[in-house]
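In this note's numbering, the protein residues as written are -14 to 394.
All C-beta atoms, glycine included, are put in the ideal place defined by N, C-alpha and C.
Okay, so here's the structure we're looking at.
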Amino acid sequence: MTAQASMEQTPGDLDLGFAEVGMINIPQDSSQCVVETTAEKLLYAAQKGNSQWVYRAASGGTPDRDFTTFEWSFAKGQFEKPTRLLAREDGKFLLIGYTGSDPFIRQAAITQFNEEGSPNLVFGTRIFPLPVDPVPPGQGLQTDEPTGCLTADNHVLVGASYQLSDNDGITIDSAGRVYSLDDQGNPDTGFNESGMIEVRFKGPITKILSLSVLPDGRIVVFGIVDRPSQEQSNSRAALACYNRDGTLHKAFGIDGFWENDDYTNFGAMVLDGDKIVIVAVTSINDDGKRYISVQRLLGNATADPSFNGGNTQVVDLDTSFLNIPSIAVQPNRKIVVGGSEDFPAQKLYWLRITEGGVLDVSFGRSGVVRAQTGRVNDIIVQRTGNRIIIAADLNSGERQGPKVLGIQS
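Encoded structure:
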(Lines of atoms letter the chains of each structure in order from A and count residues from 1; the text may use other names and numbers.)
(Lines give C-alpha, C1' and ligand atoms only; values in the text may rest on other atoms or scores of the structure.)
Protein backbone atom coordinates (compact mmCIF):
# COMPACT_ATOMS: atom_id res chain seq x y z
CA MET A 1 0.00 0.00 0.00
CA THR A 2 1.02 3.62 -0.39
CA ALA A 3 1.77 6.31 2.18
CA GLN A 4 1.76 3.94 5.14
CA ALA A 5 5.08 5.16 6.49
CA SER A 6 4.10 8.81 6.51
CA MET A 7 1.09 10.74 7.75
CA GLU A 8 1.38 13.01 4.73
CA GLN A 9 -1.34 11.69 2.51
CA THR A 10 -2.10 12.43 -1.10
CA PRO A 11 -4.92 11.34 -3.42
CA GLY A 12 -4.72 7.63 -4.10
CA ASP A 13 -3.08 6.76 -0.78
CA LEU A 14 -4.64 4.47 1.76
CA ASP A 15 -6.69 6.76 4.04
CA LEU A 16 -5.11 6.05 7.43
CA GLY A 17 -8.03 7.73 9.19
CA PHE A 18 -10.47 5.16 7.83
CA ALA A 19 -11.31 2.13 10.01
CA GLU A 20 -8.11 0.48 11.32
CA VAL A 21 -5.22 2.25 9.57
CA GLY A 22 -7.20 2.44 6.33
CA MET A 23 -8.80 -1.02 6.33
CA ILE A 24 -11.84 -2.85 7.62
CA ASN A 25 -10.68 -6.36 8.46
CA ILE A 26 -13.19 -9.10 7.63
CA PRO A 27 -12.95 -12.54 9.29
CA GLN A 28 -14.24 -14.42 6.25
CA ASP A 29 -12.78 -15.86 3.04
CA SER A 30 -13.43 -13.12 0.49
CA SER A 31 -14.67 -9.51 0.40
CA GLN A 32 -17.16 -9.33 -2.47
CA CYS A 33 -19.25 -6.15 -2.71
CA VAL A 34 -19.97 -2.86 -0.97
CA VAL A 35 -22.61 -0.11 -1.16
CA GLU A 36 -23.30 3.17 0.63
CA THR A 37 -26.73 3.71 2.18
CA THR A 38 -28.66 6.98 2.11
CA ALA A 39 -27.70 7.36 5.79
CA GLU A 40 -24.03 7.26 4.65
CA LYS A 41 -23.41 3.85 6.22
CA LEU A 42 -21.34 1.21 4.43
CA LEU A 43 -22.93 -2.16 3.77
CA TYR A 44 -20.55 -4.87 2.64
CA ALA A 45 -20.83 -8.59 1.95
CA ALA A 46 -18.23 -11.31 2.33
CA GLN A 47 -18.23 -14.96 1.36
CA LYS A 48 -17.26 -17.93 3.48
CA GLY A 49 -17.80 -21.40 2.10
CA ASN A 50 -21.33 -21.62 0.70
CA SER A 51 -22.80 -18.71 2.64
CA GLN A 52 -22.44 -14.95 2.79
CA TRP A 53 -22.02 -12.55 5.67
CA VAL A 54 -23.41 -9.02 5.65
CA TYR A 55 -21.86 -6.20 7.70
CA ARG A 56 -22.53 -2.50 8.22
CA ALA A 57 -20.04 0.18 9.21
CA ALA A 58 -20.21 3.89 9.89
CA SER A 59 -18.98 6.18 7.13
CA GLY A 60 -15.52 6.28 8.74
CA GLY A 61 -15.23 2.50 8.70
CA THR A 62 -15.91 1.82 12.38
CA PRO A 63 -18.41 -0.95 13.22
CA ASP A 64 -22.06 0.13 13.32
CA ARG A 65 -23.26 -0.96 16.76
CA ASP A 66 -26.90 -0.62 15.68
CA PHE A 67 -26.49 -3.41 13.12
CA THR A 68 -25.93 -7.08 13.87
CA THR A 69 -23.71 -8.87 11.38
CA PHE A 70 -25.53 -11.87 9.97
CA GLU A 71 -24.94 -14.96 7.89
CA TRP A 72 -27.18 -15.59 4.88
CA SER A 73 -27.83 -18.32 2.36
CA PHE A 74 -30.21 -17.98 -0.58
CA ALA A 75 -31.08 -21.68 -0.72
CA LYS A 76 -28.27 -23.48 1.09
CA GLY A 77 -26.78 -24.44 -2.25
CA GLN A 78 -23.36 -26.03 -2.46
CA PHE A 79 -22.14 -23.08 -4.52
CA GLU A 80 -23.33 -19.66 -3.37
CA LYS A 81 -21.81 -16.22 -3.75
CA PRO A 82 -22.90 -12.59 -3.24
CA THR A 83 -22.25 -10.43 -6.29
CA ARG A 84 -24.07 -7.12 -5.72
CA LEU A 85 -25.53 -5.02 -2.91
CA LEU A 86 -28.23 -2.42 -3.62
CA ALA A 87 -29.38 0.20 -1.09
CA ARG A 88 -32.86 1.73 -1.28
CA GLU A 89 -33.68 5.25 -0.13
CA ASP A 90 -35.96 3.93 2.64
CA GLY A 91 -33.09 2.00 4.25
CA LYS A 92 -34.00 -1.44 2.95
CA PHE A 93 -31.32 -3.20 0.97
CA LEU A 94 -31.02 -6.10 -1.45
CA LEU A 95 -28.39 -8.77 -1.89
CA ILE A 96 -27.92 -10.31 -5.34
CA GLY A 97 -25.96 -13.48 -5.90
CA TYR A 98 -26.22 -17.04 -7.10
CA THR A 99 -26.95 -20.49 -5.73
CA GLY A 100 -26.65 -24.00 -7.10
CA SER A 101 -25.31 -27.52 -6.71
CA ASP A 102 -23.06 -27.30 -9.79
CA PRO A 103 -20.11 -24.87 -10.05
CA PHE A 104 -21.06 -23.92 -13.62
CA ILE A 105 -24.87 -24.12 -13.47
CA ARG A 106 -26.04 -21.62 -10.88
CA GLN A 107 -29.30 -19.75 -10.45
CA ALA A 108 -29.44 -15.99 -9.93
CA ALA A 109 -31.00 -15.07 -6.60
CA ILE A 110 -32.03 -11.96 -4.68
CA THR A 111 -33.15 -11.25 -1.11
CA GLN A 112 -34.48 -8.02 0.33
CA PHE A 113 -33.64 -7.04 3.91
CA ASN A 114 -35.04 -4.45 6.27
CA GLU A 115 -32.75 -1.65 7.39
CA GLU A 116 -31.64 -3.44 10.56
CA GLY A 117 -30.79 -6.61 8.63
CA SER A 118 -33.81 -8.86 9.07
CA PRO A 119 -35.20 -10.49 5.90
CA ASN A 120 -38.13 -8.55 4.45
CA LEU A 121 -40.93 -11.12 4.57
CA VAL A 122 -43.01 -9.41 1.88
CA PHE A 123 -40.29 -9.45 -0.76
CA GLY A 124 -38.47 -12.48 0.62
CA THR A 125 -36.00 -14.37 -1.56
CA ARG A 126 -36.47 -14.88 -5.27
CA ILE A 127 -34.50 -17.54 -7.12
CA PHE A 128 -34.70 -17.23 -10.89
CA PRO A 129 -35.19 -20.29 -13.11
CA LEU A 130 -32.39 -21.77 -15.16
CA PRO A 131 -32.60 -20.69 -18.81
CA VAL A 132 -32.33 -24.32 -19.95
CA ASP A 133 -33.75 -27.00 -17.67
CA PRO A 134 -33.15 -29.85 -18.05
CA VAL A 135 -29.94 -29.60 -20.04
CA PRO A 136 -30.21 -31.95 -23.06
CA PRO A 137 -27.83 -34.93 -23.21
CA GLY A 138 -24.57 -34.12 -24.94
CA GLN A 139 -24.84 -30.43 -24.09
CA GLY A 140 -23.41 -28.25 -21.34
CA LEU A 141 -24.82 -25.14 -19.68
CA GLN A 142 -22.79 -22.38 -18.08
CA THR A 143 -24.36 -19.44 -16.27
CA ASP A 144 -22.62 -16.15 -15.47
CA GLU A 145 -22.61 -14.11 -12.27
CA PRO A 146 -25.74 -11.94 -11.91
CA THR A 147 -25.81 -8.18 -11.51
CA GLY A 148 -28.57 -5.66 -10.90
CA CYS A 149 -29.73 -2.13 -10.17
CA LEU A 150 -32.67 -0.21 -8.73
CA THR A 151 -35.16 1.92 -10.63
CA ALA A 152 -36.62 5.23 -9.49
CA ASP A 153 -39.89 3.54 -8.42
CA ASN A 154 -38.08 0.99 -6.20
CA HIS A 155 -38.38 -1.82 -8.69
CA VAL A 156 -35.24 -3.92 -9.03
CA LEU A 157 -33.62 -5.22 -12.20
CA VAL A 158 -31.59 -8.42 -12.12
CA GLY A 159 -29.52 -9.49 -15.12
CA ALA A 160 -27.66 -12.70 -15.85
CA SER A 161 -26.46 -14.53 -18.95
CA TYR A 162 -25.79 -18.07 -20.07
CA GLN A 163 -24.11 -20.16 -22.73
CA LEU A 164 -25.29 -23.56 -23.96
CA SER A 165 -22.61 -25.61 -25.75
CA ASP A 166 -22.15 -29.04 -27.27
CA ASN A 167 -19.58 -31.58 -26.13
CA ASP A 168 -16.97 -29.95 -28.38
CA GLY A 169 -17.48 -26.57 -26.73
CA ILE A 170 -19.29 -25.09 -29.75
CA THR A 171 -21.93 -22.58 -28.71
CA ILE A 172 -25.50 -23.67 -29.40
CA ASP A 173 -27.22 -20.72 -27.75
CA SER A 174 -26.29 -17.75 -25.59
CA ALA A 175 -28.29 -14.82 -24.25
CA GLY A 176 -28.83 -12.60 -21.27
CA ARG A 177 -31.98 -12.24 -19.25
CA VAL A 178 -33.09 -9.12 -17.42
CA TYR A 179 -35.84 -9.52 -14.83
CA SER A 180 -37.86 -6.68 -13.33
CA LEU A 181 -39.41 -7.20 -9.90
CA ASP A 182 -41.81 -4.79 -8.25
CA ASP A 183 -41.56 -3.43 -4.71
CA GLN A 184 -42.94 -6.68 -3.30
CA GLY A 185 -40.74 -9.02 -5.31
CA ASN A 186 -43.35 -9.95 -7.89
CA PRO A 187 -42.69 -9.98 -11.65
CA ASP A 188 -43.25 -6.50 -13.08
CA THR A 189 -46.00 -7.09 -15.64
CA GLY A 190 -45.34 -3.66 -17.14
CA PHE A 191 -41.97 -4.97 -18.28
CA ASN A 192 -42.54 -7.05 -21.40
CA GLU A 193 -45.73 -8.37 -19.71
CA SER A 194 -43.83 -11.31 -18.20
CA GLY A 195 -41.37 -9.25 -16.14
CA MET A 196 -38.42 -10.53 -18.20
CA ILE A 197 -36.67 -9.71 -21.45
CA GLU A 198 -34.05 -11.68 -23.30
CA VAL A 199 -30.97 -9.70 -24.34
CA ARG A 200 -29.01 -10.78 -27.38
CA PHE A 201 -26.17 -8.60 -28.57
CA LYS A 202 -25.30 -8.72 -32.27
CA GLY A 203 -23.37 -11.98 -32.14
CA PRO A 204 -23.67 -15.62 -31.09
CA ILE A 205 -22.38 -15.12 -27.53
CA THR A 206 -23.85 -12.57 -25.10
CA LYS A 207 -22.53 -11.91 -21.60
CA ILE A 208 -24.14 -9.35 -19.26
CA LEU A 209 -21.82 -7.51 -16.86
CA SER A 210 -23.64 -4.33 -15.73
CA LEU A 211 -27.12 -2.79 -15.62
CA SER A 212 -28.06 0.86 -15.10
CA VAL A 213 -31.12 3.09 -15.49
CA LEU A 214 -30.81 6.50 -17.13
CA PRO A 215 -32.63 9.51 -15.58
CA ASP A 216 -35.35 9.23 -18.25
CA GLY A 217 -36.04 5.61 -17.22
CA ARG A 218 -34.30 3.85 -20.10
CA ILE A 219 -32.41 0.70 -19.16
CA VAL A 220 -28.83 0.26 -20.35
CA VAL A 221 -27.35 -3.23 -20.45
CA PHE A 222 -23.56 -3.54 -20.70
CA GLY A 223 -21.65 -6.68 -21.50
CA ILE A 224 -19.52 -8.59 -23.96
CA VAL A 225 -20.46 -9.87 -27.41
CA ASP A 226 -18.30 -12.54 -29.01
CA ARG A 227 -18.15 -13.77 -32.59
CA PRO A 228 -15.59 -16.59 -32.49
CA SER A 229 -13.77 -17.30 -35.74
CA GLN A 230 -11.58 -20.35 -36.35
CA GLU A 231 -11.77 -21.17 -32.65
CA GLN A 232 -10.47 -17.69 -31.73
CA SER A 233 -12.43 -15.23 -29.63
CA ASN A 234 -13.39 -11.95 -31.29
CA SER A 235 -15.15 -10.23 -28.41
CA ARG A 236 -16.19 -6.59 -28.04
CA ALA A 237 -17.75 -4.45 -25.33
CA ALA A 238 -21.45 -3.99 -26.08
CA LEU A 239 -24.47 -1.99 -24.94
CA ALA A 240 -28.18 -2.47 -25.48
CA CYS A 241 -30.84 0.06 -24.49
CA TYR A 242 -34.45 -0.67 -23.57
CA ASN A 243 -37.45 1.44 -22.74
CA ARG A 244 -38.98 0.98 -19.31
CA ASP A 245 -41.61 -1.36 -20.78
CA GLY A 246 -38.89 -3.69 -22.05
CA THR A 247 -39.01 -2.71 -25.72
CA LEU A 248 -35.76 -1.98 -27.52
CA HIS A 249 -34.96 1.74 -27.74
CA LYS A 250 -33.93 1.81 -31.38
CA ALA A 251 -32.78 5.44 -31.39
CA PHE A 252 -29.85 4.34 -29.22
CA GLY A 253 -26.67 3.56 -31.15
CA ILE A 254 -27.48 1.43 -34.18
CA ASP A 255 -30.99 0.01 -33.80
CA GLY A 256 -30.65 -0.07 -30.01
CA PHE A 257 -27.10 -1.45 -29.79
CA TRP A 258 -23.52 -0.16 -29.52
CA GLU A 259 -20.09 -1.83 -29.64
CA ASN A 260 -16.52 -0.67 -29.18
CA ASP A 261 -13.84 -1.20 -31.82
CA ASP A 262 -11.15 -3.17 -29.98
CA TYR A 263 -10.89 -6.71 -28.72
CA THR A 264 -12.33 -6.71 -25.20
CA ASN A 265 -12.54 -9.54 -22.71
CA PHE A 266 -13.65 -7.75 -19.52
CA GLY A 267 -15.37 -4.51 -18.64
CA ALA A 268 -17.83 -2.58 -16.50
CA MET A 269 -20.22 0.35 -16.81
CA VAL A 270 -21.50 3.12 -14.57
CA LEU A 271 -23.69 6.16 -15.21
CA ASP A 272 -22.64 9.77 -14.72
CA GLY A 273 -26.02 11.47 -14.75
CA ASP A 274 -27.34 10.98 -18.27
CA LYS A 275 -23.97 9.85 -19.60
CA ILE A 276 -22.57 6.32 -19.83
CA VAL A 277 -19.04 5.60 -18.63
CA ILE A 278 -17.38 2.37 -19.73
CA VAL A 279 -14.12 0.72 -18.73
CA ALA A 280 -12.87 -2.12 -20.90
CA VAL A 281 -9.87 -4.43 -20.81
CA THR A 282 -8.70 -4.27 -24.41
CA SER A 283 -6.06 -5.57 -26.78
CA ILE A 284 -5.04 -2.89 -29.24
CA ASN A 285 -1.75 -3.50 -31.04
CA ASP A 286 -1.45 -7.31 -31.09
CA ASP A 287 1.52 -6.80 -28.77
CA GLY A 288 0.35 -9.30 -26.18
CA LYS A 289 -0.49 -6.58 -23.67
CA ARG A 290 -3.84 -5.66 -22.15
CA TYR A 291 -4.90 -2.05 -21.72
CA ILE A 292 -7.45 -0.18 -19.62
CA SER A 293 -9.71 1.76 -21.99
CA VAL A 294 -12.14 4.32 -20.57
CA GLN A 295 -14.73 6.20 -22.59
CA ARG A 296 -17.83 8.28 -21.94
CA LEU A 297 -20.90 8.22 -24.14
CA LEU A 298 -23.95 10.42 -24.36
CA GLY A 299 -27.38 8.94 -23.75
CA ASN A 300 -27.78 8.10 -27.43
CA ALA A 301 -24.50 6.09 -27.48
CA THR A 302 -22.48 8.70 -29.38
CA ALA A 303 -19.08 9.70 -28.00
CA ASP A 304 -19.09 12.56 -25.50
CA PRO A 305 -16.95 15.30 -27.14
CA SER A 306 -16.10 16.77 -23.73
CA PHE A 307 -14.29 13.54 -22.76
CA ASN A 308 -10.83 13.40 -24.33
CA GLY A 309 -12.14 15.04 -27.48
CA GLY A 310 -14.65 12.23 -27.96
CA ASN A 311 -11.93 9.59 -27.88
CA THR A 312 -11.21 6.63 -25.64
CA GLN A 313 -8.58 7.19 -22.95
CA VAL A 314 -6.19 4.23 -23.04
CA VAL A 315 -4.01 3.48 -20.00
CA ASP A 316 -0.98 1.24 -20.44
CA LEU A 317 -0.12 -0.64 -17.24
CA ASP A 318 2.52 -2.67 -19.11
CA THR A 319 0.94 -6.03 -18.33
CA SER A 320 -0.34 -9.01 -20.29
CA PHE A 321 -3.18 -9.73 -17.84
CA LEU A 322 -5.90 -7.54 -16.38
CA ASN A 323 -8.80 -9.00 -14.43
CA ILE A 324 -12.40 -7.76 -14.36
CA PRO A 325 -12.31 -4.02 -13.50
CA SER A 326 -14.67 -2.02 -11.30
CA ILE A 327 -15.63 1.59 -11.95
CA ALA A 328 -17.17 4.49 -10.02
CA VAL A 329 -17.75 8.21 -10.61
CA GLN A 330 -16.97 10.76 -7.92
CA PRO A 331 -19.32 13.69 -7.17
CA ASN A 332 -16.78 15.93 -8.96
CA ARG A 333 -17.22 13.64 -12.01
CA LYS A 334 -13.74 12.19 -11.87
CA ILE A 335 -13.73 8.50 -12.82
CA VAL A 336 -12.09 5.88 -10.60
CA VAL A 337 -11.17 2.45 -11.96
CA GLY A 338 -9.87 -0.40 -9.82
CA GLY A 339 -8.84 -3.94 -10.60
CA SER A 340 -6.08 -6.52 -10.56
CA GLU A 341 -3.12 -6.97 -12.89
CA ASP A 342 -0.57 -9.66 -13.70
CA PHE A 343 -0.93 -13.44 -13.36
CA PRO A 344 -0.80 -15.69 -11.44
CA ALA A 345 0.21 -13.36 -8.59
CA GLN A 346 -2.36 -10.64 -9.22
CA LYS A 347 -1.67 -7.16 -7.83
CA LEU A 348 -4.10 -4.40 -6.94
CA TYR A 349 -4.28 -1.19 -8.92
CA TRP A 350 -6.55 1.83 -8.98
CA LEU A 351 -6.41 4.88 -11.20
CA ARG A 352 -8.31 8.09 -11.82
CA ILE A 353 -9.43 9.90 -14.95
CA THR A 354 -10.47 13.56 -14.91
CA GLU A 355 -13.88 14.74 -16.05
CA GLY A 356 -12.15 15.88 -19.24
CA GLY A 357 -10.93 12.36 -19.98
CA VAL A 358 -7.21 12.38 -19.14
CA LEU A 359 -5.24 10.65 -16.40
CA ASP A 360 -5.41 12.66 -13.17
CA VAL A 361 -1.72 13.30 -12.44
CA SER A 362 -2.57 14.46 -8.89
CA PHE A 363 -3.63 10.89 -8.08
CA GLY A 364 -1.02 8.31 -7.12
CA ARG A 365 1.93 8.26 -9.50
CA SER A 366 0.81 10.17 -12.57
CA GLY A 367 -2.75 8.93 -12.14
CA VAL A 368 -2.14 5.30 -11.12
CA VAL A 369 -1.63 3.47 -7.81
CA ARG A 370 -0.17 -0.05 -7.82
CA ALA A 371 -0.29 -2.00 -4.58
CA GLN A 372 0.35 -5.43 -3.10
CA THR A 373 -0.83 -8.77 -4.42
CA GLY A 374 -4.54 -9.37 -4.22
CA ARG A 375 -7.77 -8.82 -6.07
CA VAL A 376 -10.20 -5.90 -6.33
CA ASN A 377 -13.82 -7.08 -6.29
CA ASP A 378 -15.83 -3.85 -6.06
CA ILE A 379 -15.36 -0.09 -5.87
CA ILE A 380 -17.62 2.80 -4.88
CA VAL A 381 -17.20 6.46 -3.91
CA GLN A 382 -18.74 7.95 -0.78
CA ARG A 383 -21.02 10.86 -1.57
CA THR A 384 -19.72 12.95 1.33
CA GLY A 385 -15.98 13.43 1.35
CA ASN A 386 -15.37 11.63 -1.95
CA ARG A 387 -13.49 8.81 -0.21
CA ILE A 388 -12.95 5.81 -2.48
CA ILE A 389 -14.05 2.49 -0.98
CA ILE A 390 -12.69 -0.80 -2.34
CA ALA A 391 -13.74 -4.36 -1.50
CA ALA A 392 -10.56 -6.39 -1.96
CA ASP A 393 -8.76 -9.56 -0.97
CA LEU A 394 -5.12 -9.02 0.02
CA ASN A 395 -2.82 -11.98 -0.53
CA SER A 396 0.43 -10.82 1.04
CA GLY A 397 1.82 -8.75 3.87
CA GLU A 398 1.02 -8.69 7.55
CA ARG A 399 -2.60 -7.70 6.95
CA GLN A 400 -3.58 -10.17 4.28
CA GLY A 401 -7.16 -11.37 3.97
CA PRO A 402 -10.51 -9.87 2.92
CA LYS A 403 -10.74 -6.11 3.45
CA VAL A 404 -12.71 -2.98 2.78
CA LEU A 405 -10.17 -0.26 1.95
CA GLY A 406 -10.57 3.48 2.31
CA ILE A 407 -8.61 5.49 -0.27
CA GLN A 408 -7.81 9.20 -0.14
CA SER A 409 -9.54 11.26 -2.78
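Contact check, Thr128 vs Arg91, beta carbons under 9 Å: yes
Gly144 and Pro131 closer than 9 Å at C-beta: yes
Cα-Cα separation between Arg162 and Val299, rounded to whole angstroms: 31 Å
Span separating the alpha-carbon of Leu233 from that of Asn99: 34 Å
Cβ separation of Glu56 and Ser36, assumed to be a contact under 8 Å, to the nearest whole Å: 5 Å
Every unbroken beta strand (DSSP E) inside the segment 160 to 201 [3 residues or more]: 181 to 184 and 190 to 198
Identified DSSP bridge partners for Ala43: Looking at the DSSP assignment, Ala43 forms no beta bridge with any residue, so it has no partner.
Proximal residues to Ala253 (C-beta, below 8 Å), its chain only, five neighbours per side dropped: Leu194, Ser195, Phe207, Ile263, Val264, Ile309, Pro310, Ser311 and Ile312
Sequence-distant residues of its chain with Cβ nearer than 8 Å to Ile81 (five each side left out): Pro67, Thr68, Arg69, Leu70, Leu71, Ala93, Ala94, Ile95, Pro131, Thr132, Gly133 and Val143
Reference Gly231; option with closest CA among Ile204, Asp14 and Asp51: Ile204
Cβ pair Gly175, Ser159 closer than 9 Å: no
Coarse secondary structure for Asn245, derived from DSSP in three states: coil
Asp303 beta carbon near the ligand SAH (any heavy atom closer than 8 Å): Within the structure as shown, the ligand SAH is missing, as the structure has no ligands at all.
Gln298: first and last residue of the uninterrupted beta strand (DSSP E) it sits in: Gln298 to Thr304
Candidates Ala286, Thr358, Gly386 and Val20, of which the one nearest Ala330 by Cα: Thr358
Secondary structure of Leu79, DSSP reduced to three states: strand
Proximity to Arg318 [Cα-Cα], best of Tyr29, Ile112, Val361 and Val343: Val343
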